[in-house]
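Q: So that we are looking at the same thing, I have put the structure below in structure tokens.
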Amino acid sequence: MAFVLLVGLGVAAAFLFAASGVYNVAASRGHWWIVDQFLRFGMENSVKARAPETSPNLDDADLIRLGAAHFHGGCAFCHGAPGSRPSPVVQHMLPSPPDLAERVDRWTDGELFWLVKHGLKYAGMPAWPAQDRDDEIWSVVAFLRQLPDLDARHYEELALAEVQVDGGGGRELATAESDPDGVGACARCHGDAGRGPQTKLVPRLQGQSRDWLARSLRDYAEGARHSGIMQPLAAALKPEAIEKLATYYAGLPPLAPDDDPRRGSVEEGQKLATSGDPGAEIPACISCHGSDGSPDYPRLAGQPARYLSAQLAAWRNGKGGTSPTHAIMAPIAARLTDQQIADVSAFFASQRVVGHPGLAP
Amino acid sequence: MTSTAERETAELPNPLPRPRDELRRLQAVWAIPEGWRILSAVNNSVIGYFYIGAAFLFFVLAGVLALLMRVQLAVPGNLFLDQESYNQIFTMHGTVMMFLFAVPAVEAMGVLLLPQMLGARDLPFPRLGAFAFWAYLVGGLVFFSTLFFDMAPSGGWFMYPPLTGSRFSPGTGADFWLLGIGFIEISAIAGAIEIIVGVLRTRAPGMSLDKMPIFAWTMLIFAVMIVFAFPAVILATMMLELERAFDWPFFIPDRGGDALLWQHLFWFFGHPEVYIIFLPAAGMVSMIVPTMAATPLVGYRLIVVALIATGFFSFGLWVHHMFTTGIPAMSLGFFSAASMAVSVPSGIQVFSWIATMAAGRLRITAASLFVLGFLFIFTLGGLTGVMVAMVPFDWQAHDTYFVVAHFHYVLVGGMVFPLFAAFYYWAPAFSRRALSERLGKIAFVLMFVGFNIAFFPMHIAGLIGMPRRVYTYPAGLGWETPNLASTIGAFMIAAGVLVFLLDLIRHLRPTVGASAGNVWNAGTLEWLENDVHAARSVPFVESRDPLWEDARLSADVHKGRYYLPGTVTGRRETIVTSAILAEPQYVVRLTGPGWAHLLAAIFTAAFFLLLTVKLVTAAIICGAVAIACVVAWAWDTDSPSAGDVDIGGGIRLPTYAVGAASHSWWAMIILMAVAGALYLSYVFSYLYLWTVRPQDWPPIAPLASHAGWIASAALLCISAAALWASGRSIRAAVPRLWLTVGLTVVGLLTLLLGLGADVASHWLAGLRPQHSGYAALVFTAGFLQAEIVAAVCIMGIFACVRILVGLTDGRRSVVFDNMVLLWGYGLGQGALGLLLTHGFPRLGM
Amino acid sequence: MRSVGTLGIGLWLAGPIIWATHFIIVYASESVACTRLDADSHSLIAGIATIIALASIAFIAVRSRAGRFRDTAFLRTTALTMNLLAFLAVTWAGIAAVLLPSCTGVG
Amino acid sequence: MNQSVLEPNGAEAERIADLALMLFGGAAIIFFGVMALAAASVWGGVSVRRAIASERMIVAAGIAFPVITLTALLFYSLWLMRANIQGNATPPAGRIEVAAEQWWWRITYVEPDGRRISEANELRLPVGREVELVLTSPDVIHSLWIPAIGGKLDMIPGRTNRMRVSIDGPGIYRGQCAEYCGGPHALMAFDVIALEATEFDAWVRGDVAGGSTETVRGRGIFEESGCGSCHAVRGANASGLVGPDLSRVGGRRTIAAGTLPTSRENLTRFIVDGQSIKPGNLMPPFGLFAAEDVDAISAYLMSLQ
């Protein structure tokens, strides 16, 4: 009885405190020191309690590059990056986003992962838009691990690759005809004419069908296909821009295979890709993804093995998406074993594209 | 001829007047904890009430699921339930009805009725009984609630692999079934041990087996059948869970397993299960009919024979469920023959009841109506049972609604109707008011008519082609009318149950004293005036219907003129009698209320359920806490002898017993029978796979070296020697307890090492459980042995600690003796395992 | 009623126990014979097992009228009836063994 | 079309139907006898009740009577099983392999010369010719049941069961999977079409009708969209073994294993959204295609007879 009374009193007191308006919520005022310490203490312990204990190999160049490219477009505005300070606007947030180069060493890999994935309440840190794409989140963590040691030049190399970012003249800057940071540039990850992607974790778009490229971008934009990296970028594109991009990449000649898959057997992959595995209810991949398949489907020849594996795994493991292509592929991917994914990825990575108009005879 | 006055003074064991505070002290000792502390109670009257309430709750829940199914099937192509929901619901309906309602309900009736009926104060292991109940309740509720989270199993209550293997049933639904049900089976076994020892060892003096009420006979056979039937399904669930969790391919044909192995194990349990449910219900009928007809049961001896014969024959029927699997004709013939044989005992019972009704004059009460309804429905179900035992007929009827109709006639007719009869019949003994005859009759009419409208048309639906377990059906095959009728009937049954619930709310006033009393003028001891301590004194029994034979018995018992009218040791106690003749042997002190068993139940449930959702660390912690709770509860169960005590009539009984006289020794023997049955099921599985998968047998698989089994056998021999020596040293004229402890530790270590050597030898030979069904079974031997060794080690440490603190010695040795029994068993099982996994493959067959 | 001891209980249940043993032998021997030996050997095993089982039940039934259970009507009549039921059950299983060929599917 | 045990049209089904009727008759007599006895025991006169109330009555009615009837029944049912077994002594005149998969039927007609003709979800049988059905399953346990022709037999992974069927006259019957096999177990039926033997032979050996000019477009879309990676169509670029053979799908009475009547509309519905018609089946929903493309595929499939 006494206990109930005590709890009741506590609740009443808290209610009165809030109702009186005594507490100042102004961001301009900051927290009392003790409140700040208490919130920080609570936040750190909450993260520690929930973070996963294991992580993939984070010294992976492909992973770091992908993370860097995303960081540049997605994170630097608030957190700053080597060579550029965060926006003065975000510096007046409460709490203000920290400079990550100083802070990342305080956290374990798993804790960083958790923070990137789930964000922080009341701190302006958003959650990852695609909660079923852990593979992407790890790339950001991999990059963050490199961040403390990066200077501006190395950062640009990693994040912008070889994409020339020329601000142009004053007119271009004044009329916003150029984007000085090249934030939205597809080529930073996917490459362009004659130059493949910087990381084996993204697809080679060169020479894919226009239909498929445009559909993929629309699916990302609508959230029907899940990716924390692609969704925000695609959502910012106008329909005409999507058409133009699709036309551009569809017209580029496909690249020659240059992947050297470390896992998986090309021979086994070939068997699976050409004949399927009827006992495991797996159809032959090339019926749809071969050179004479419907333009609604992607051509897989020459794609990096790691990208293919990651996509198949995402389809298999995640709730995935809601797009019609997802509806077709997800149930098939769900029947593949890890080994089969590795094999079939290795096979396609080793294949040369045939029959594309953009290819020289 | 003696006069009444002489009899008052001379013949009865205890003279009047009784000492003034005797009754008060007795009541204080047996007092039920008040308020919310009632959760710590262990009195059979309290636990029995809870138990029946919980079982009835699951009956209602599973009944609601049945109604959902009937709504879905009311019309063809219905969209009320989707396919996955329907599949989960029919799986849960069957599972809950069989495992969470039927078996617990009859076990509950046993817990509630047996001590009073047998003239005992309580069951012999009150905390074990309470543990079994709480484990069942917690586990059952969590299991049922999986339905609300879309995590319920959907593989059917029979869970046939490969459908329930990880390939075709990913997700945790099947794991919930396997771990949850496996756990509830363990609870049922704990209850069965309690019931066997209770029936055999705590009967009132003079109540020899031939004077025992039929209900007690049925509960005895029920419990013995559980001991032999449940281990088969426990092994099966264990193997399927090992397959799902660790990829041991017992049931995967491509990898040397066999899909039918599951069916053999499951139905070796599943068919006796039907009789496990039916026999106690028939026992209730055998109690109700004589009372309502006011005449002793006609054919008592024939009924006992029928019960025993059913207990045996029902184990020869399991392939009866596998007539369409394509096994050889002659096997089908054997099982068909056994199916015929089992119908004879049921016939004997039916005609005995009819003869009894004819011998007296049946009063038409609500209880009698439910009994008559039972006779009608059960007879019809029995006749369709003979039909499906005819192999060619079964080829058509199997897995159709004909079978659904058949077993609902047998189970609802054979178990639910008697249970309702029992509710109306026994309510006055446990409630301040009887239930309403008027509402009871209304409930009966609704349930009886509703039942036949619901289930008779299913015979027809099955014969015109409707298979079982379909969530929808097309129009135009003639199935519409019977299905609609079934749905209407199902709701009539539900209405009947609602009327019954209304009756409960209006009239049931649970009590352990001051009950409505012997309103039916029945003849058996549960109708004596009862209180928290059961009857005031324990009568001497000279006939099957003692209250009819001796009109003064009730009053004399209540005055305390029979045995043990108070408490002689200041603790809860009951008289332990010999198994056959019920001669008083000693007075056992029983445990009272406590929390350890309740916590043990909760944490055991948590262990299994957390394991299901793969929270292994949390599960292990809960498992350790559960073991700690069991140890805590066991710590004060082995009270030292309080010397000989006087129970009246010049009988002085000891208060401590060791060896075969000890009731605890009996419990241990039964537990060993359970373990033995589990191991025999394993041996069957091993040999079965040998017959059906000759292509996977060694020498194809790597065979362990000779060194392995020789080392293991040598270690077992050392352990056996230590066992013998430690037993001798504790009873030596000059006991050296340190020596006993040392020998025990050495013995346990060598037992453990023996197991390790065996498993290691297979492992070093390159065999892995994932290789094949054969390999998985080889390692299963080690797995089963590890369970026994773990139990022996825990008991051994427990015994050693007690020896060291002076609580256990050569005279006060029950704890040590029990450990020795299981240790001996473990040695035997280990040796058999060596013969099987090392010797058998070398026979070159 | 009088106490009969463990052996007495065993004898009392002899009929059903013999039935169970016979059942295991004929069923298991068919499984083994059909996969590891040959069909003819099973017919022989089943036939011999049935004859032995029936003879033992009959022998025990006759003995129980005069032996251990002589003084106790309950044990005597119940043992006799159980023997009768077991005899019938073994006979029925025997009929199946005689009428049906071993190791043959029925499809 | 029927799926009834009580309207047999095959030797085994007829024997079982006779047995069933006999059992029903006998059971009815016994049931009413027992109920009459029970009624007499409750409401009968004193002399009647006295006659009933004895152990002798229990022995007579509860032991002697059942033993006699059950012995007779056992002989009868064993004799029926013998009849079945002896019928199997002669080699069958034809062989059809039936593999049950979640949740459809893969049917292969094996010609005497060893040629194998793949079909699905519709079993055609020759009248008057004894055929052996070879029953297997690659995934979970199923059970083949055609009530009008005979009893059911399970299809168990890792095992092969054989069932002889002989059918008396032409007609159309329905069969269904009788063992719960998960998911849409309820939607796993098939039609059995009994044809005169000559008609049957002509059908088995007959050619697959090629597509007409109207259906060329449909065939093109069918092939480039990857349909052939799961489905086989003889003569087309489609040889998949994952799903049902579609070589003569237009000639079948139903699609999706007895779930829908065969029609262009239903084929379209199934291609676009088969998961809501038969949840859990392996075919992904092809919502990707334009409506006219799917319609063209359906038209092509309808032309395959």
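Chains as they are written, first to last, in the numbering used here: chain V, 1 to 361; chain Z, 362 to 1206; chain L, 1207 to 1313; chain G, 1314 to 1618.
Note that beta-carbon positions come from the ideal geometry of N, C-alpha and C, so glycine has one too.
The model shown is predicted, which means the values in this text are computed figures rather than measured ones.
Please name the residue in Z:I637, Z:L640, Z:W881, Z:E604 whose C-alpha comes closest to that of W623 (chain Z).
A: It is Z:E604 whose Cα lies nearest to the Cα of W623 (chain Z).
Q: Just the chain Z side, please: which residues come within less than 9 angstroms of L1334 (chain G) by C-beta, in chain order?
A: Residues of chain Z passing the Cβ test: none, with the nearest at roughly 11 angstroms.
Q: So is S1450 (chain G) in contact with chain V if we call contact Cβ pairs under 8 angstroms?
A: False, the Cβ-Cβ gap to chain V never drops below 8 angstroms.
Q: So for N1434 (chain G), helix, strand or coil by DSSP?
A: Note: N1434 (chain G) maps to coil in three-state DSSP.
Q: Under three-state DSSP, which class holds I688 (chain Z)?
A: Correct three-state label for I688 (chain Z): coil.
Q: M1468 (chain G) bridges to which residues according to DSSP?
A: M1468 (chain G) is bridged to G:H1455.
Q: Using beta-carbon positions only, say whether I1584 (chain G) and V1607 (chain G) come within less than 8 angstroms of one another.
A: Contact: yes.
Q: Of all the options G:D1558, G:R1532, G:Y1486, which has the alpha carbon lying nearest to the alpha carbon of P1320 (chain G)?
A: The sequence given here has Glu at residue 1320 (chain G), not Pro. That would be G:Y1486, whose Cα lies nearest to the Cα of E1320 (chain G).
Q: Using the three-state DSSP reduction, which class does T322 (chain V) fall into: helix, strand or coil?
A: Note: T322 (chain V) maps to coil in three-state DSSP.
Q: Compare the C-beta of M701 (chain Z) against all C-beta atoms of chain B and say whether one is closer than 8 angstroms.
A: The displayed structure is made up of protein chains V, Z, L and G, and chain B is not among them.
Q: Closer than 8 angstroms, CB to CB, is P753 (chain Z) near chain G or not?
A: For P753 (chain Z), the answer is yes, since a Cβ of chain G falls inside 8 angstroms of its Cβ.
Q: Say whether chain V places a C-beta atom closer than 8 angstroms to the C-beta of V1318 (chain G).
A: No, its Cβ sits nowhere closer than 8 angstroms to a Cβ of chain V.
Q: Determine, using beta carbons only, whether I1342 (chain G) comes closer than 8 angstroms to chain Z.
A: By this cut-off, I1342 (chain G) is not an interface position.
Q: Could you name the residues of the segment 1227-1249 of chain L whose beta carbon sits closer than 7 angstroms to any beta carbon of chain Z, in the order they occur along the chain?
A: Those would be F1229, V1232, Y1233, E1236, S1237, V1238, C1240, T1241, R1242, in chain order.
Q: Which runs of the alpha helix (DSSP H), 4 residues or longer, sit entirely within the segment 487-558 of chain Z?
A: The segment 487-558 of chain Z contains these whole alpha helix (DSSP H) runs: 487-506.
Q: At a CB-CB cut-off below 9 angstroms, which residues of chain L make contact with R1408 (chain G)?
A: By Cβ distance, chain L contributes nothing, its closest Cβ being about 13 angstroms from R1408 (chain G), past 9 angstroms.
Q: So, for T1581 (chain G): in the same chain, excluding its five sequence neighbours on each side, which residues have a beta-carbon less than 7 angstroms away from its beta-carbon?
A: Excluding sequence neighbours, T1581 (chain G) sits near V1607, D1608, S1611.
Q: By the 10 Å Cβ neighbour count, where 16 or more other Cβ atoms means buried, how is I1381 (chain G) classified, buried or exposed?
A: That one is exposed.
Q: CA-CA distance, G1541 (chain G) and F1535 (chain G)?
A: Their Cα atoms are separated by approximately 7 angstroms.
Q: Per the DSSP calculation, S792 (chain Z) is bridged to which residue(s)?
A: Note: S792 (chain Z) sits in a beta bridge opposite Z:P871.
Q: Measuring only the C-alpha atoms, how far is L1188 (chain Z) from G1157 (chain Z)?
A: Spanning the two alpha carbons is a distance of roughly 14 angstroms.
Q: Ignore the nearest five residues each way along the sequence and tell me which others in P487 (chain Z)'s own chain have a CB closer than 6 angstroms to its CB.
A: Contacts found: V403, L951, T952.
Q: What number of angstroms, rounded off, separates the C-alpha of R1442 (chain G) from the C-alpha of E1410 (chain G)?
A: Computed Cα separation, rounded: 16 angstroms.
Q: Closer than 7 angstroms, Cβ to Cβ, to anything on chain V: give me those residues from the segment 1532-1546 of chain G, in chain order.
A: So the close ones are E1537, S1538, G1539, G1541, S1542, C1543.
Q: For the beta strand (DSSP E) that V1447 (chain G) lies in, which residues bound it at each end?
A: 1444-1449 is the span of the beta strand (DSSP E), which, as asked, contains V1447 (chain G).
Q: Quick one: does T685 (chain Z) have its CB under 8 angstroms from some CB of chain G?
A: Yes, contact with chain G.
Q: From V:T199, V:G207, V:L160, V:K200, pick the residue whose C-alpha is nearest to that of A185 (chain V); which is it?
A: Comparing Cα positions, the closest option is V:L160.
Q: Measuring only between beta-carbons, confirm whether G1553 (chain G) sits less than 8 angstroms from chain V.
A: Closer than 8 angstroms to some Cβ of chain V, the Cβ of G1553 (chain G) qualifies, so yes.
Q: Per the DSSP calculation, C1309 (chain L) is bridged to which residue(s)?
A: Paired residue(s): none; C1309 (chain L) is not in a bridge.
Q: Within this structure, are the beta carbons of A1118 (chain Z) and S1066 (chain Z) separated by less than 8 angstroms?
A: Cβ atoms of A1118 (chain Z) and S1066 (chain Z): not closer than 8 angstroms.
Q: Measure the C-alpha to C-alpha separation of L862 (chain Z) and A940 (chain Z) and round it to an integer number of angstroms.
A: Near 40 angstroms, if we compare the C-alpha coordinates of A940 (chain Z) and L862 (chain Z).
Q: Does the segment 262-270 of chain V touch the segment 329-346 of chain V, meaning 3 or more C-beta pairs lie closer than 8 angstroms?
A: Touching, yes.
Q: Spatial neighbours of A27 (chain V) within its chain, please: CB distance less than 8 angstroms, with the 5 preceding and 5 following residues excluded, ordered by chain position.
A: Cβ within range, chain order: H92, M93, L94.
Q: Expressed to the nearest angstrom, what Euclidean distance is found between the alpha-carbon atoms of A577 (chain Z) and M1288 (chain L)?
A: Near 19 angstroms, if we compare the C-alpha coordinates of M1288 (chain L) and A577 (chain Z).
Q: Among all the DSSP beta bridges, which residues are the ones paired with I1409 (chain G)?
A: G:Y1422, G:L1446.
Q: Might you give, ordered along the chain, the residues of its own chain that have their beta carbon closer than 6 angstroms to the beta carbon of R1395 (chain G), omitting 5 neighbours on each side?
A: Within the same chain, R1395 (chain G) has no close Cβ partners at all.
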